[in-house]
Amino acid sequence: MTGMRKTLKATLSEARAQVEAALKEEGFGILTEINMAATLKARLGLERPPYLILGACNPSLAAKALEAEPEIGLLLPCNVVLREAEEGVEVLIQDPKEMFRVLPEATQRALAPVAEEARTRLSRALARL
Numbered sequence: 001m002t003g004m005r006k007t008l009k010a011t012l013s014e015a016r017a018q019v020e021a022a023l024k025e026e027g028f029g030i031l032t033e034i035n036m037a038a039t040l041k042a043r044l045g046l047e048r049p050p051y052l053i054l055g056a057c058n059p060s061l062a063a064k065a066l067e068a069e070p071e072i073g074l075l076l077p078c079n080v081v082l083r084e085a086e087e088g089v090e091v092l093i094q095d096p097k098e099m100f101r102v103l104p105e106a107t108q109r110a111l112a113p114v115a116e117e118a119r120t121r122l123s124r125a126l127a128r129l
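Per UniProt numbering, the sequence shown starts with residue 1, numbered consecutively.
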């Protein structure tokens with residue numbers, strides 16, 4: 001996978017608070033949360049370690065992306081994964097530049113400045129952790 005990642009020596013709850021604070025400093029808020037462990041337990045009876053998928057959005061960047069490509073909502077928001085690992089909590093952040101590679105070349109060019117700014121902001125948030 002082509003995401004940005006970092007492992008934190010923290011509990012899942014502590015890591016989540018740190019991630020949300022770092023994202024907020026870069027203008028991102030959390031729009032959605034998917035608790036994969038709870039969902040798999042409830043729907044399939046499967047036991048899995050804690051695994052959260054947070055949908056992070058920077059409204060300014062989302063507006064620019066939607067202006068350039070109205071169908072970009074299929075790829076929004078930016079996913080941030082928090083999962084328990086042996087070393088702590090692994091934080092994975094979707095790389096917007098890599099994600100947008102699935103788009104037609106002309107659309108990629110139109111969205112390049114937005115993808116670059118989003119990647120820069122998300123990278124800075126990850127570096128703060």
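Yeah, the Cβ is synthetic: ideal placement off N, Cα and C, and Gly gets one too.
Could you name the residues of the same chain whose beta carbon sits closer than 6 Å to that of E71, not counting the 5 residues immediately before and after it, in chain order?
For E71, where only same-chain residues beyond five positions count, there are no Cβ hits under 6 Å.
Suppose you measure from the CA of E69 to the CA of N35; what does that come to, to the nearest Å?
Their Cα atoms are separated by approximately 30 Å.
In the DSSP assignment, find the alpha helix (DSSP H) that holds T11 and state where it starts and stops.
No alpha helix (DSSP H) holds T11; DSSP gives it neither H nor E.
Does the Cβ of A65 have 16 or more other Cβ atoms within 10 Å, making it buried, or fewer, making it exposed?
Classification of A65: buried, given that the 10 Å Cβ count is 16 or more.
For the region 109 to 121 against the region 39 to 47, do three or more pairs of beta-carbon atoms, one drawn from each stretch, fall closer than 8 Å, so that the two count as touching?
No, they do not touch.
Roughly how many whole angstroms lie between the Cα atoms of R124 and S60?
If I take the Cα positions, the gap works out to 17 Å.
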